[in-house]
Structures are given as structure tokens and as C-alpha cells.
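As C-alpha cells, the structure follows; a few thoughts come after it.
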Amino acid sequence: MEQDADVIMFIYRDEVYNSNSEFKGIAEIIIGKQRNGPIDTIRLSFEGECSRFSDFPGTNKRH
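Written out as C-alpha cells, the structure reads:
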């Protein structure tokens, strides 16, 4: 993948792996590779009933 992909992104939701998570309804998009840009983690709101991601309330600053 390293040589073939321009962008590699992962979705992480702590509540999937930790049923007692304090981060329910929060997803992180992890940009693991971006050939022409920075890697980063972006926090989003996740609505499971609709399988919808949306802007995280407040700030969406880089971590």
C-alpha cells in the first residue's frame, strides 16, 4: 500500500473496542498517509442510528 496509495485513512471508534468508553458517539479519522500533505487525526461526531459522521461540536482543531 505504501507505494501504491496516495492517501490512506482509518476510522477509529473507541466504543467499538471498549464498551465502557467515555467517548461514545465520537469517531476519529486517522490520516495515516497523504502523499502530498500532512498526516493527522480528525475528530467527528458519529450517529450510529443513521451511520452518519458530522463535524464535532465546538472546535475541530488538529491534535
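Quick note: the sequence shown uses numbering that gives the first Met the number 0, first residue 0, plus one each step. We treat Cβ as the ideally placed atom computed from N, Cα and C, and that holds for glycine. None of the values given here were measured: they were computed from a predicted structure.
- A distance of 8 angstroms or more separates the beta carbons of lysine 23 and valine 6.
- Between alanine 26 and phenylalanine 45, the beta carbon gap of about 4 angstroms places them in contact (Cβ cut-off 8 angstroms).
- In the DSSP assignment, glutamate 46 falls within the beta strand (DSSP E) that extends over 39 to 46.
- In this structure, DSSP gives glutamate 27 an extended state, which the three-state scheme calls strand.
- In the three-state scheme derived from DSSP, where H, G and I count as helix and E and B as strand, aspartate 13 is classed as helix.
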